[in-house]
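Chemist:
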Amino acid sequence: MKLTFPHMGNTYIPVKAMLDDLGVNCIIPPFNNKKALEIGTKLAPELACLPLKINLGNFIQAYEMGADSILMTGGCGPCRFGYYCEMHREILSDMGVDMKVITLDIPGNDYNKLLNNVREITGGLNIYKILKAVKNTVEVSKKVDELERLTFKIRPREIHKGATDKIYRSFLYSILKIKGSRNIKKHIDKARNKLLEIQTDKEMKPIRVGIVGEIYTTNDPYSNLYIESRLGNEGIEVTRPVTVSGWIIDHMIKKALHLKGDERYKEAAKPYLGTMIGGHSQETIGNTVLFAKDGYDGVVQIFPLGCMPEIVSESILPSIERDFKIPVMSLIIDEMTGEAGYMTRVEAFIDLLKRRREIDAFEGKGMLSWN
Amino acid sequence: MSIKVGIPKSLFYYQMYPLWNTFFEELGAEVITSPNTTKKILDEGVRVCVDEACVPVKLFHGHVLSIKDKVDILFIPRLTSISKGEYVCPKFGGLPDMVKSTVKGLPEIIDVEINWRKADSNDIESIITIGSFIVKDEKAIKNAYKKAVDKFNDYNEDIKKGFMPEDDKNRKSNLFVVKDSGIINIAVIGHPYNLYDSYINMNLFKKLRANGVNIITQEMIGEDVINLHARKLNKRVFWNFGRKALGSVMHMIEGSDIKGMIFLMSFGCGIDSFIGDLAERMIRRHTDIPFIYVTIDEHSGQAGLDTRLEAFIDMIRWRDKNEVDISAYG
Numbered sequence: 000m001k002l003t004f005p006h007m008g009n010t011y012i013p014v015k016a017m018l019d020d021l022g023v024n025c026i027i028p029p030f031n032n033k034k035a036l037e038i039g040t041k042l043a044p045e046l047a048c049l050p051l052k053i054n055l056g057n058f059i060q061a062y063e064m065g066a067d068s069i070l071m072t073g074g075c076g077p078c079r080f081g082y083y084c085e086m087h088r089e090i091l092s093d094m095g096v097d098m099k100v101i102t103l104d105i106p107g108n109d110y111n112k113l114l115n116n117v118r119e120i121t122g123g124l125n126i127y128k129i130l131k132a133v134k135n136t137v138e139v140s141k142k143v144d145e146l147e148r149l150t151f152k153i154r155p156r157e158i159h160k161g162a163t164d165k166i167y168r169s170f171l172y173s174i175l176k177i178k179g180s181r182n183i184k185k186h187i188d189k190a191r192n193k194l195l196e197i198q199t200d201k202e203m204k205p206i207r208v209g210i211v212g213e214i215y216t217t218n219d220p221y222s223n224l225y226i227e228s229r230l231g232n233e234g235i236e237v238t239r240p241v242t243v244s245g246w247i248i249d250h251m252i253k254k255a256l257h258l259k260g261d262e263r264y265k266e267a268a269k270p271y272l273g274t275m276i277g278g279h280s281q282e283t284i285g286n287t288v289l290f291a292k293d294g295y296d297g298v299v300q301i302f303p304l305g306c307m308p309e310i311v312s313e314s315i316l317p318s319i320e321r322d323f324k325i326p327v328m329s330l331i332i333d334e335m336t337g338e339a340g341y342m343t344r345v346e347a348f349i350d351l352l353k354r355r356r357e358i359d360a361f362e363g364k365g366m367l368s369w370n
Numbered sequence: 000m001s002i003k004v005g006i007p008k009s010l011f012y013y014q015m016y017p018l019w020n021t022f023f024e025e026l027g028a029e030v031i032t033s034p035n036t037t038k039k040i041l042d043e044g045v046r047v048c049v050d051e052a053c054v055p056v057k058l059f060h061g062h063v064l065s066i067k068d069k070v071d072i073l074f075i076p077r078l079t080s081i082s083k084g085e086y087v088c089p090k091f092g093g094l095p096d097m098v099k100s101t102v103k104g105l106p107e108i109i110d111v112e113i114n115w116r117k118a119d120s121n122d123i124e125s126i127i128t129i130g131s132f133i134v135k136d137e138k139a140i141k142n143a144y145k146k147a148v149d150k151f152n153d154y155n156e157d158i159k160k161g162f163m164p165e166d167d168k169n170r171k172s173n174l175f176v177v178k179d180s181g182i183i184n185i186a187v188i189g190h191p192y193n194l195y196d197s198y199i200n201m202n203l204f205k206k207l208r209a210n211g212v213n214i215i216t217q218e219m220i221g222e223d224v225i226n227l228h229a230r231k232l233n234k235r236v237f238w239n240f241g242r243k244a245l246g247s248v249m250h251m252i253e254g255s256d257i258k259g260m261i262f263l264m265s266f267g268c269g270i271d272s273f274i275g276d277l278a279e280r281m282i283r284r285h286t287d288i289p290f291i292y293v294t295i296d297e298h299s300g301q302a303g304l305d306t307r308l309e310a311f312i313d314m315i316r317w318r319d320k321n322e323v324d325i326s327a328y329g
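So the sequence lines, in the order shown, correspond to chains A and B. The opening residue of the first sequence carries number 0 in numbering that gives the first Met the number 0; numbering runs sequentially from there. The opening residue of the second sequence carries number 0 in numbering that gives the first Met the number 0; numbering runs sequentially from there.
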C-alpha cells in the first residue's frame with residue numbers, strides 16, 4: 000500500500016513522522032500548486048469550498064506518483080469537512096481514479112471501524128508501537144508550531160530582509176528527504192538554531208496582527224497567498240492561535256480521550272457567539288476578542304468562499320470591531336482570487352494600521368476610524 | 000394586553016409554523032408574522048447582511064427588519080439540531096448572533112438553543128425555556144406544546160398529500176389547469192424555505208403546475224422510507240436536510256415514476272453544494288432521468304428560469320412520445 004494524504008500547511012511534517020515511525024510507505028503529493036488547484040476546480044462541485052478542491056488536486060498528483068490509498072480524517076459536522084471523505088471517494092471513482100479512501104473518524108460509538116482502519120494502515124495492531132508513534136507525532140507537531148511561531152517573531156525584526164524566509168523554506172523542502180520522527184525532530188532543532196542566528200533589531204516594536212478564520216486557509220500558505228510571510232516582511236508580527244498541533248491535540252487526541260483543551264476563547268466568545276456551531280467559528284470570534292483585549296493593532300480573518308461557519312463569524316466581527324475599536328479585515332479565498340486585488344487590500348490594511356499608530360504616537364489618543 | 004411575538008416568515012418558518020404559531024397562541028400570545036416576501040424585504044436584507052451569506056439568510060434579515068418594530072419579542076431560536084445525530088446548518092446555529100450583530104434596535108429575542116442532537120428526549124427543556132418568555136406556568140407550557148405538536152403532525156400529513164403551505168386548504172386552489180396533455184411527475188429537491196417561498200423561487204411551483212407537472216418533494220416521502228435508503232450510504236449524512244434529500248433521491252431512483260428531477264439550491268449553500276452533487280452522481284450512474292440544477296440568488300432573473308423550465312419540460316415530453324430520445328446530459 001502506498002499511502003498519500005492531503006496537504007494543509009505544515010501538517011505533512013507530523014503526518015510523515017507518524018507514518019515513517021509506523022513503517023508505512025507514504026507518498027507526499029507535491030506542495031500545493033496552481034496545477035493542483037486547477038485539477039480540483041475541474042473535478043469538484045462548483046460551490047464546494049477551496050480546501051476540497053486543492054485536496055483533490057493533491058490526490059490526483061500523488062496518484063500520478065504511484066499512490067494507491069488516501070488517508071483522511073473525518074468528522075461529524077456541521078462543517079462540510081466531515082463529509083469530504085465521501086465526496087473524494089465519489090468524485091475519484093467517477094473519474095476512474097482507483098484509490099482507496101481510508102478515514103480516521105473520531106468514533107461516536109463504533110470503535111471497530113477505527114481499529115480496522117488503523118490495522119489496515121499499519122498492517123497489524125501493535126498498540127505499543129502505535130502509542131509511541133502518536134506520542135512522537137504530538138511532539139513533532141508541537142515543535143513545528145514552535146518553529147513557525149519563531150519565524151513570526153524574527154521575520155519583522157530581521158535586519159537583512161528575506162533571511163528568515165530563506166532558512167524556513169529550505170527547511171520545509173528538506174524535510175521530504177528525512178525519515179522518522181527522531182531525525183525530523185533533530186532537523187527542526189537545526190532549523191531553529193539557524194533562525195536564532197539571524198541578526199535582528201531588538202529595539203523594534205512591530206505592529207501586531209492576529210490571524211483568525213478557517214483552519215485550512217489560515218494554515219496553508221499557498222491558499223492564503225503567503226500572507227504571514229508578506230506581513231512579516233512588511234515589519235508586522237503575526238500571531239495565529241489555530242495551529243496544526245492544536246488541531247491534532249485538541250480536536251483529535253483530547254476529544255477521543257474526552258479531555259478538555261484550552262478553552263479561553265470560548266469564554267471570550269460568549270457575548271457574541273454562544274455555542275459551537277462547527278468549524279472554527281467560535282475560535283475566530285473568541286480569539287478576535289482576546290487579540291483586542293491584548294492590544295493588538297489589527298485582525299485579519301481568512302476563509303474560503305462559502306465557508307458556512309466563517310460567514311457567521313464574518314457577520315459578527317463588525318460588532319467586536321465597534322466594541323473594541325480594532326480594525327478587522329476579512330479576506331475570502333477561492334480559485335478566482337487574484338494576487339493584485341488581494342495585495343492591494345492587504346497593503347491598504349497595513350497602511351491603515353501604520354497610520355493609526357503614528358497618530359497614536361503623536362497625540363496620544365487620536366484614532367483613525369476603520370469603518 | 001397580550002404579548003406580541005414576532006416570527007419572521009423565512010427559513011424555519013415554513014417547516015415549523017403550525018408548531019410555533021399554535022404553541023404561542025395557546026400560551027395567550029399574539030403571533031405576528033412578517034408579510035410574504037417582497038422585493039423591498041429582500042433588498043433590505045441584502046443591504047444589511049454580509050455579501051457571502053446565502054440568499055435565504057439575507058432574506059431572513061429582511062424579514063426581521065420588516066417586523067422588529069411591530070412586536071414586543073422576536074422569536075429566533077438557535078436551531079443547532081432538530082434530529083438525533085444531525086445538524087441543521089452552521090448558519091442556523093449562529094442565526095440569532097448574526098441578526099443581533101447586524102440589525103440595530105431589536106426588541107427582546109427568544110434565542111433559546113434547540114439542540115436535539117444527543118437525544119430527542121430533552122426537547123421539553125428548551126420548550127419550557129421558550130414558553131417561559133410568555134408565561135411562567137410550566138404545566139400550561141407543556142399542554143400548549145402538546146397541542147402544537149398535534150397541529151404540526153396534521154400539517155405534515157397534509158404536506159405528504161401534496162398540499163403546499165401557500166395553498167389555501169379550503170379553497171382547493173391547488174387544483175390547476177393543465178395546459179398540455181398528460182400529467183408528468185417531477186421531483187423538486189430543495190430546502191423548504193426555498194420551495195415554499197414563491198417570491199424567492201420565482202413562482203417555480205406555479206409554473207410547473209401550469210405546465211401539467213405533478214410535483215413531488217422530499218416532504219411527501221415517509222420518514223421510514225427515507226431512513227431505509229439513507230442507511231445504505233457509506234457514511235451517514237450529518238445534515239438533516241442532506242439525509243432526507245439523498246434518502247428520497249435513492250427512493251425515487253428505485254421505485255417511482257418520476258420523469259425528471261429539479262435540484263433547487265441557493266447560491267452559496269454549503270450543504271447543497273455537496274448533496275446536490277451526490278444526488279446528481281447517483282441519478283446519472285443508475286438511471287437516465289433528466290436532472291437540472293436551479294440555482295437562485297438575489298440576482299436571479301425570471302426569464303432565464305422560464306426558458307430553462309420550458310426546455311426541461313419539453314424535453315421530457317418529447318422523450319415520453321419517443322419522438323427523439325434526446326440525451327438529458329447535453
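Beta carbons: idealized from backbone N, C-alpha and C, even for Gly.
1) Tell me which same chain residues have a C-beta within less than 8 Å of the C-beta of D122(B), skipping the five on either side of it?
2) Where M7(A) and Y215(A) are concerned, what is the direct C-alpha to C-alpha distance, given to the nearest angstrom?
3) Could you compute how far the alpha carbon of P205(A) sits from the alpha carbon of N35(B)?
4) In the DSSP assignment, what are the bridge partners of A186(B)?
5) Where DSSP assigns a beta bridge to G297(A), which residues make up the other side?
6) Within 10 Å of its beta-carbon, does L289(A) have 16 or more other beta-carbons around it, so buried, or fewer, so exposed?
7) Given this structure, state the Cα-to-Cα distance separating V177(B) from C84(A), to the nearest angstrom.
8) Where does the unbroken alpha helix (DSSP H) through I255(B) begin, and where does it stop?
9) Count the CB pairs spanning the stretch 288 to 305 of chain A and the stretch 329 to 344 of chain A that are closer than 8 Å, and state whether there are at least three.
10) To which residues of the same chain is M203(A) closer than 8 Å at the C-beta, ignoring the five residues directly before and after it?
11) Using alpha carbons as the reference points, say which of K134(A), L18(A), Y11(A), I325(A) lies closest to I120(A).
12) Starting from F74(B), follow the beta strand (DSSP E) in both directions and report where the run begins and ends.
13) As a quick exercise: from P308(A), N135(A), T199(A), I126(A), pick the residue whose alpha carbon is nearest that of P13(A).
14) Near W246(A), which residues of its chain fall below 7 Å by C-beta distance, leaving aside the five closest residues on each side in sequence?
15) Please report how far the alpha carbon of T343(A) lies from the alpha carbon of D350(A), in whole angstroms.
16) List the residues of chain B that R79(A) touches, going by C-beta distances under 7 Å, in chain order.
17) Would you kindly check if the distance between the Cβ of Y86(B) and the Cβ of F262(B) is under 7 Å?
18) A47(A) versus chain B: which residues are under 9 Å apart at the beta carbon?
19) State yes or no: is the C-beta of L245(B) nearer than 6 Å to some heavy atom of the ligand SAM?
20) Going by CA-CA distance only, name the one from G340(A), M307(A), V243(A), I358(A) that's closest to K94(B).
21) Look at the alpha carbon of H87(A) and the alpha carbon of V111(B), and state the distance between them as a whole number of angstroms.
22) I need the straight-line Cα distance from L194(B) to A162(A), nearest angstrom please.
23) Applying a beta-carbon distance threshold of less than 8 Å, which residues of chain A neighbour E112(B)?
24) Can you check whether the C-beta of N226(B) is within less than 7 Å of a C-beta belonging to chain A?
25) Can you check whether the CB of E25(B) is closer than 7 Å to the CB of K146(B)?
26) Can you find a C-beta in chain A that's less than 7 Å from the C-beta of M97(B)?
27) Between which two residues does the alpha helix (DSSP H) holding T72(A) run?
28) From A360(A) to G209(A), what distance separates their C-alpha atoms?
29) Rounded to the nearest angstrom, what separates D313(B) and R242(B) at their Cα positions?
30) Does any CB atom of chain A fall closer than 7 Å to the CB of T286(B)?
31) For S318(A), collect the residues of the same chain with a Cβ closer than 7 Å to its Cβ; drop the 5 residues on either side in sequence, then sort them by chain order.
32) Using a Cβ-Cβ cut-off of 7 Å (strictly less than) and excluding sequence neighbours within five positions of K171(B), which residues of its own chain qualify?
33) Please report the residue range of the beta strand (DSSP E) in which T294(B) lies.
34) Kindly indicate which three-state DSSP category R77(B) falls into: helix, strand or coil?
35) Please list, in chain order, the chain B residues whose beta carbon lies closer than 8 Å to that of P308(A).
36) Below 8 Å on the Cβ atoms is my guess for M219(B) versus M249(B); work out the distance and round it to an integer in Å.
Modeler: So, from the listed chains and residues:
1) I113, W115.
2) Each residue's CA atom was taken as its position, placing M7(A) and Y215(A) some 6 Å apart.
3) 54 Å
4) I215(B), M260(B)
5) V208(A)
6) Flag for L289(A) reads buried.
7) Reliability fails at V177(B), whose pLDDT of 47 lies under 50, so the model's placement of it is uncertain and the value that follows must be treated cautiously. If you take the alpha carbons of V177(B) and C84(A), they lie about 45 Å apart.
8) One point to set straight first is that residue 255(B) is Ser, not Ile, in the sequence displayed. Note, S255(B): premise wrong, no alpha helix (DSSP H); not H, not E.
9) yes
10) Closer than 8 Å at the Cβ level, and outside the excluded window around M203(A), lie P155, R156, G234.
11) L18(A)
12) Secondary structure note for F74(B): its beta strand (DSSP E) is the uninterrupted segment 72 to 74.
13) N135(A)
14) I214
15) 10 Å
16) G269, F273
17) no
18) A47(A) reaches chain B at G269, S272, F273, D276, counting residues in chain order whose Cβ is nearer than 9 Å.
19) Ligands in the displayed structure: none, and consequently the ligand SAM is not present.
20) It is worth fixing the name first, because residue 94(B) is Leu in this sequence and not Lys. Of the candidates G340(A), M307(A), V243(A), I358(A), the one whose C-alpha sits nearest the C-alpha of L94(B) is M307(A).
21) The straight-line gap from Cα to Cα measures roughly 37 Å.
22) 58 Å
23) G273, T274
24) It does not: the Cβ of N226(B) has no partner Cβ on chain A nearer than 7 Å.
25) In this structure, E25(B) lies closer than 7 Å to K146(B) by Cβ.
26) yes
27) Segment 68 to 72 is the beta strand (DSSP E) holding T72(A); no alpha helix (DSSP H) there.
28) 21 Å
29) 31 Å
30) no
31) Y271
32) Residue confidence for K171(B) is low, a pLDDT of 46 falling below 50, so the modelled location carries little weight; the figure read from the coordinates is stated next. Non-local beta-carbon contacts of K171(B) in its own chain, meaning distances under 7 Å to residues more than five positions away in sequence, are absent.
33) That run of the beta strand (DSSP E) goes 290 to 295.
34) strand
35) P89, G93
36) Not confirmed; about 15 Å, so no contact.
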